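Asks: Right, I'll just put the structure down here and ask away after.
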Amino acid sequence: MNRRLLLLLTLACGIAVGNVYFPQTISPLVAAGLHVSPASAALVVTAAQFGYAAGIFLLVPLGDRIPHRPLILTLLGITGLALLAASAVPALPPLVGVSALVGVTTVVAPIIGPLAANLTADDNRGAVSGMLLSGSIGGMLLSRTVAGTISDWWGWRAPYLTAAASVLLIAVAMARVLPTTRPPSGHRYPALLAEPLRLLRVEPDLRRSCFYQATIFAGFSAVWTTVALLLTGPTYRLGAPAVGMLALVNAATMLSTPVAGRQVDRRGSDAVNRICMLGVIASAVVLAFGGLGGVGGLAALVLGTLLLDVSMQSGMVANQVRIYALRSDARSRLNTAYMTCAYLGGSLGSWLGAPAYARFGWLGVCGVLTLLAVAALAHHLTTAPTAGRPRPLPQRPAAAAVPGSPPVAELLPATRPARRRRPIRGRRPDGHRRYRHRHG
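Quick note: the sequence shown uses my numbering, first residue -14, plus one each step.
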């Protein structure tokens, strides 16, 4: 895969993923513009993330059945039209519905991931995954910055118009450079939908990757859904652009994902996962000081969100490299199971964050983040290979294992003592002494 194509795929990932996240920044303005409570306006964020999870489950498996080019271009076109519709809705219920539709169709990034993996050599797959994730994270963060800025100038509808224009433009660009690919699977659509569930049942590494990302991403979403309420509330009394600026500072974390990809290629996914989980726990401690307000509180929010974003992104690279290595002919279906679980966790975190903030304040949100990260770390320590080392290469079976049978070592004959040679009488015709073997 050439660098030009990689850069365009990275940009497409960022634009598509940004459609799910920019509503987090403008939810206070949506509440004011549509005359609803902030908690009700947060349903727009939850609907987008839940729709994204549904789209991953329903549409991403088609990447193994339909050529990537028409699939990606069709989804981008529908997403652009849905964003245009969202900019014109008159009330909250239709906005929630259209947001769910945007989430369903803007699933280009998890389709691009397996496409790029198929076009990349095995020893470079971690770096390419990190590059694509950089684009996704960049879209996640920069979309908040852009949305916060332009919504402060022209209202909450302007970000939807901007997002629609971006999606349609990237669709035109990708129509010119996307390669023609052959789908690796001939399964029918119902079988493709059932396959991610079957893979979850038979692939333990897929299950634990899904659990890691679902729990960490739930905590991540809880923080970013409520940080807008914290910054615009009585503690800081700032506007939506402040949330965008916080996201802009965190855009520097895009540089961490290629580094994480190289570390995964070098050290393995489990070692990177463990470090990332510890980083999330540390970020919760730092973020707790953000509730104090003032300059010190803002500094804690900046440092805490930086650490949280780097840890979440790097862990995601490790998880994706692990699942892509399982089955080369089912990467879209593996990614479907993984991303569906991740965004179900994210929508759950968004749903938990608002009531936790309303009842317990910012410390309640930090507590939710801590509990989720500890759950992920505990699961990792009890299921991952020791010390994060690569699992040993599979050995050739020495004997058929029958349930209830003794270990193979007990079935082998005892080792014979060393044999030595003793001379016997007589010589061979050529004159040399004859020997025979006797046991000690």
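The beta carbon of each residue, even a glycine, is placed where N, CA and C say it ideally should be. Since this is a predicted model, take the numbers as computed values, not measurements.
If contacts are defined as beta-carbon pairs under 8 angstroms, then Val45 and Pro95 qualify, I think. What distance do you get, rounded to the angstrom?
Replies: Counting from one through the sequence shown, the residue named residue 45 turns up at place 60. Counting from one through the sequence shown, the residue named residue 95 turns up at place 110. That pair is a contact at about 5 angstroms.
Asks: Within 10 angstroms of its Cβ, does Pro175 collect 16 or more other Cβ (buried), or is it exposed?
Replies: Looking up residue 175 in the sequence shown gives position 190. So Pro175 ends up on the exposed side.
Asks: If you pair each beta-carbon of the stretch 80 to 94 with each one of the stretch 23 to 40, do three or more pairs fall below 8 angstroms?
Replies: Touching, yes.
Asks: Below 7 angstroms CB to CB, which residues in the same chain sit around Thr210 once its five sequence neighbours on both sides are set aside?
Replies: The count along the sequence shown starts at 1 and reaches residue 210 at position 225. Here the set comprises Gln9, Ala27, Val30, Ser335, Gly338, Ala339.
Asks: Unbroken alpha helix (DSSP H) runs of length 4 or more, entirely within the stretch -13 to 24: which are they?
Replies: Runs of the alpha helix (DSSP H) inside the stretch -13 to 24: -12 to 19.
Asks: Pick helix, strand or coil for Tyr328, following the three-state DSSP scheme.
Replies: What you label residue 328 is simply residue 343 of the sequence shown in a count that begins at 1. In the structure shown, Tyr328 sits in a helix (DSSP, three-state: H, G or I).
Asks: Following the continuous alpha helix (DSSP H) through Met301, name the residue where it begins and the one where it ends.
Replies: If you number the sequence shown from 1, residue 301 lands on position 316. Counting along the chain, the alpha helix (DSSP H) containing Met301 begins and ends at 279 to 309.
Asks: Between Ser114, Asp49, Ser72, which lies nearest to Glu180 when the distance is taken from Cα to Cα?
Replies: On the sequence shown, position 195 is the one that residue 180 refers to. It is Asp49 whose Cα lies nearest to the Cα of Glu180.
Asks: Is it buried or exposed for Thr367, if we count other Cβ within 10 angstroms and need 16 for buried?
Replies: Counted from its first residue, the sequence shown places residue 367 at position 382. Exposed.
Asks: Just curious, the alpha helix (DSSP H) that Ser194 is in, first and last residue?
Replies: Translated into the one-based positions of the sequence shown, residue 194 becomes position 209. 189 to 217 is the span of the alpha helix (DSSP H), which, as asked, contains Ser194.
Asks: Please classify Ile135: does DSSP put it in a helix, a strand, or coil?
Replies: As a first step, residue 135 is located in the sequence shown; it is residue number 150 there, counting from the start. In this structure, Ile135 counts as helix in the three-state DSSP scheme.
Asks: Distance check for Gly133 and Ala143, CA to CA, integer angstroms please.
Replies: One-based indexing of the sequence shown puts residue 143 at position 158. One-based indexing of the sequence shown puts residue 133 at position 148. Between Ala143 and Gly133, the C-alpha separation is close to 10 angstroms.
Asks: Looking only at C-alpha atoms, which of Ser12, Ala32, Tyr328 sits nearest to Ala203?
Replies: In the sequence shown, the residue the question calls residue 203 occupies position 218. Among Ser12, Ala32, Tyr328, the Cα nearest to that of Ala203 is on Tyr328.
Asks: Quick check on Leu115: does DSSP put it in helix, strand or coil?
Replies: In the sequence shown, the residue the question calls residue 115 occupies position 130. Position check: residue 115 holds Gly in this sequence, whereas Leu was assumed. Reduced to three states, the DSSP call for Gly115 is helix.
Asks: Less than 7 angstroms between C-beta atoms, sequence neighbours within five positions excluded: which residues of the same chain meet that for Arg129?
Replies: What you label residue 129 is simply residue 144 of the sequence shown in a count that begins at 1. Around Arg129: Tyr6, Phe7, Gln9, Thr10, Val228, Gly229, Ala232.
Asks: Could you work out which residue in Val21, Met239, Val208 is closest to Ala273 when comparing CA atoms only?
Replies: In the sequence shown, the residue the question calls residue 273 occupies position 288. The option with the nearest alpha carbon to Ala273 is Val208.
Asks: Three or more C-beta pairs closer than 8 angstroms, one from the stretch 288 to 303 and one from the stretch 182 to 191: is that the case here?
Replies: No, the stretch 288 to 303 does not touch the stretch 182 to 191.
Asks: Quick one: is Ser313 buried, meaning 16 or more other Cβ sit within 10 Å of its Cβ, or exposed?
Replies: Here the question's residue 313 lines up with position 328 in the sequence shown. By the 10 Å Cβ count, Ser313 comes out exposed.
Asks: Quick check: the Cα distance between Val350 and Tyr342, rounded to an integer number of angstroms?
Replies: Here residue 350 refers to the residue found at position 365 when the sequence shown is read from its first residue. Here residue 342 refers to the residue found at position 357 when the sequence shown is read from its first residue. Looking at the two C-alpha atoms, the distance is approximately 6 angstroms.
Asks: Could you check what DSSP says for Val393 in three-state terms: helix, strand or coil?
Replies: Position 408 of the sequence shown, counted from the start, is the residue given in the question as residue 393. Since pLDDT at Val393 reaches only 33, below the 50 mark, its modelled position is unreliable, and the value read off the structure follows with that caveat. Correct three-state label for Val393: helix.
Asks: Please state if the CB of Val295 and the CB of Thr355 are separated by a distance shorter than 9 angstroms.
Replies: Your numbering for residue 355 matches position 370 in the sequence shown. Your numbering for residue 295 matches position 310 in the sequence shown. No.
Asks: Excluding the five sequence neighbours on either side, which residues of its own chain have a C-beta within less than 8 angstroms of the C-beta of Ile51, listed in chain order?
Replies: Position 66 of the sequence shown holds residue 51. For Ile51, where only same-chain residues beyond five positions count, the Cβ hits under 8 angstroms are Pro168.
Asks: Helix, strand or coil for Thr220? Go by DSSP, reduced to three states.
Replies: Position 235 of the sequence shown, counting from 1, holds the residue named residue 220. Here Thr220 sits in coil by DSSP.
Asks: Within 10 angstroms of its Cβ, does Thr165 collect 16 or more other Cβ (buried), or is it exposed?
Replies: Residue numbering aside, residue 165 sits at position 180 when the sequence shown is read from its first letter. By the 10 Å Cβ count, Thr165 comes out exposed.
Asks: If contacts are defined as beta-carbon pairs under 8 angstroms, then Leu185 and Ala303 qualify, I think. What distance do you get, rounded to the angstrom?
Replies: By one-based count along the sequence shown, residue 185 stands at place 200. By one-based count along the sequence shown, residue 303 stands at place 318. Not quite, the Cβ-Cβ distance comes to about 19 angstroms (not below 8 angstroms), so this is no contact.
Asks: To test your reading of the DSSP string, which unbroken alpha helix (DSSP H) runs of 4 or more residues are found completely within the stretch 219 to 283?
Replies: Counting only runs of 4 or more, we get 225 to 235, 241 to 252, 254 to 273.
Asks: From Trp347 to Leu215, what does the alpha carbon distance come to, in whole angstroms?
Replies: Counted from its first residue, the sequence shown places residue 347 at position 362. Counted from its first residue, the sequence shown places residue 215 at position 230. Using only the alpha carbons, I get a separation of about 7 angstroms.
Asks: Cα separation between Ala256 and Met262?
Replies: As a first step, residue 256 is located in the sequence shown; it is residue number 271 there, counting from the start. As a first step, residue 262 is located in the sequence shown; it is residue number 277 there, counting from the start. Answer to the nearest angstrom: the Cα atoms are 10 angstroms apart.
Asks: Give me, in chain order, the residues of the same chain whose beta-carbon lies closer than 7 angstroms to that of Ala76; leave out the 5 immediate sequence neighbours on both sides.
Replies: Working through the sequence shown from its first residue, we reach residue 76 at position 91. Counting only Cβ-Cβ distances below 7 angstroms, and skipping sequence neighbours, we find Leu19.
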